[in-house]
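Asks: Per this note's numbering, residue 52 is the first one in the sequence shown, and the count goes up by one each step.
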Amino acid sequence: MTSTIAAKTDGSPSAPSQARAGARRAKRRRTALFFMAPALIGFLVFFGYPLIATVYYSFTKYDLINPPQFIGFGNYVRMFTTEPLVGVAAYNTLWLVVILTTCRVLFSLGIASVISRLKSGVGLVRTLCYLPTLAPPAAATLAFVFVFNPEFGPVNRFLRLIGIDGGLWFNSPAMSKPALTLLALWGSGELMIIILAALLDVPTEQYEAAELDGAGSVRKFWHVTLPSISPVLLFGVVNSIIYALQFFTQAIVAASASAGTADVAGNSKLIGAPENSTLTYPIWLYVQGFRYFNMGYAAAMAVLLFIVSAGFTWILVRQLRKSQHQEEGA
Numbered sequence: 052m053t054s055t056i057a058a059k060t061d062g063s064p065s066a067p068s069q070a071r072a073g074a075r076r077a078k079r080r081r082t083a084l085f086f087m088a089p090a091l092i093g094f095l096v097f098f099g100y101p102l103i104a105t106v107y108y109s110f111t112k113y114d115l116i117n118p119p120q121f122i123g124f125g126n127y128v129r130m131f132t133t134e135p136l137v138g139v140a141a142y143n144t145l146w147l148v149v150i151l152t153t154c155r156v157l158f159s160l161g162i163a164s165v166i167s168r169l170k171s172g173v174g175l176v177r178t179l180c181y182l183p184t185l186a187p188p189a190a191a192t193l194a195f196v197f198v199f200n201p202e203f204g205p206v207n208r209f210l211r212l213i214g215i216d217g218g219l220w221f222n223s224p225a226m227s228k229p230a231l232t233l234l235a236l237w238g239s240g241e242l243m244i245i246i247l248a249a250l251l252d253v254p255t256e257q258y259e260a261a262e263l264d265g266a267g268s269v270r271k272f273w274h275v276t277l278p279s280i281s282p283v284l285l286f287g288v289v290n291s292i293i294y295a296l297q298f299f300t301q302a303i304v305a306a307s308a309s310a311g312t313a314d315v316a317g318n319s320k321l322i323g324a325p326e327n328s329t330l331t332y333p334i335w336l337y338v339q340g341f342r343y344f345n346m347g348y349a350a351a352m353a354v355l356l357f358i359v360s361a362g363f364t365w366i367l368v369r370q371l372r373k374s375q376h377q378e379e380g381a
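#1: When you compare only the Cα positions, how much space is there between P333 and I245?
#2: Any idea what DSSP makes of K112, helix, strand or coil?
#3: Jot down the residue ranges of each uninterrupted alpha helix (DSSP H) in the region 134-217, minimum 4 residues, whole runs only, in chain order.
#4: Report all residues from its chain with a CB closer than 7 Å to the CB of A324; omit the five preceding and five following residues, and keep chain order.
#5: Can you list, in chain order, the stretches of the alpha helix (DSSP H) that have 4 or more residues and sit fully within the region 321-363?
#6: On the DSSP letters alone, give me the boundaries of the alpha helix (DSSP H) that V283 sits inside.
#7: Just confirm the distance between the C-beta atoms of V106 and N327, as a whole number of angstroms; I'd bet it's less than 8 Å.
#8: Just how far apart, CA to CA, sit A302 and T144?
#9: Rounding to the nearest angstrom, what Cα-Cα distance links T329 and I122 in this structure?
#10: State yes or no: is the C-beta of I292 within less than 8 Å of the C-beta of F357?
#11: Is it right to say M243 is buried, meaning 16 or more other beta carbons lie within 10 angstroms of its own, or is it exposed?
#12: Name the DSSP beta bridge partners of F121, please?
#13: For V269, does the count of other Cβ atoms within 10 angstroms reach 16, so buried, or fall short, so exposed?
#14: Sort S239, S167, A308 by Cα distance to A186 and report the nearest one.
#15: Report buried or exposed for T283, applying the criterion of at least 16 other Cβ atoms within 10 angstroms of its Cβ.
#16: Among W365, V338, A295, A70, which residue has its Cα nearest to the Cα of V156?
#17: Would you mind giving the Cβ-Cβ distance between V198 and P205, rounded to the nearest angstrom? I have them listed as a contact below 8 Å.
#18: Which whole-angstrom value describes the C-beta separation of G218 and R211, a residue pair presumed to lie in contact below a C-beta threshold of 8 Å?
#19: V253 by DSSP, collapsed to three states: which one?
#20: At the level of alpha carbons, what is the spacing between V148 and E262?
#21: For the structure I just gave you, are there three or more beta carbon pairs, one from the region 124-136 and one from the region 343-357, closer than 8 Å?
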């Protein structure tokens, strides 16, 4: 009798209580799966299956009409050996990755720094800076092509008034990519908002401690502000790199609109104009897939672009986790 009482009062859970706990856990798992199911189904249908299909087609010769023929790594070999315009498109995209990323991050940081120092009206200025991002890329590009028109555009008219000969902008092989960079800066309000939030979140105590040590504005910026917002800046860099790698709509619309054609979807003779200076990697992928119907080759290009973009995303996640561990350790 004593041993029976001890068994009931020694704190160990009874079989019925364990069964009830297991049933509750199973119910919670079923509930979680129920709410996750739409997202999981959407992920598999709209990302998982297309990704697997793209990888498969990248190893085939496929034109949407005839059945795909397996050719192994033939598309990848062609991409790196016998396709001259791939090199041109890769160079233009690399140019945008380096220059556009640098300008976009520095521009957003500069505007955010100015706004963060305002005594009043921060919300209004922040809203005004964000508004350009709401414009559709095609519409914004058409507006920029008009503003930078060599003959009657407002920019060149103003430059001529002050005695400066305006450039050809989108009509010049040398100036088309800088013009596209200015267009990208016009729509960088979202990144500016993110950096501004990080700047406003820096504790004022750190600035006060730096002032007690005799630090001026420059030293406070380098030793307090930048270290505090470095994860956000890293996000901005990787985000801008991926944005440049996928640069498509603005370049294809600018090439057509600057030539004076209404075919802003991309006349085959004007894609990459002038002189292939705006031919980016995604545009050449589009041409191969939907102009020449080389779907297998276009799939190989898409796989390579996905790998590069995923690599930069992995770097971002890895560096963010590293910075978080360092902050927790400090």
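The beta carbon of each residue, even a glycine, is placed where N, CA and C say it ideally should be.
Replies: On the basis of the coordinates in this document:
#1: 27 Å
#2: strand
#3: 135-146, 152-167, 173-181, 188-198, 205-212
#4: A306, A310
#5: 332-341
#6: 277-296
#7: Wrong, their Cβ atoms sit about 29 Å apart, outside the cutoff.
#8: 11 Å
#9: 31 Å
#10: no
#11: buried
#12: T111
#13: exposed
#14: S239
#15: The displayed chain sequence assigns Val, not Thr, to residue 283. Answer is buried; the Cβ neighbour count reaches 16.
#16: A295
#17: 6 Å
#18: Not confirmed; about 12 Å, so no contact.
#19: coil
#20: 38 Å
#21: yes
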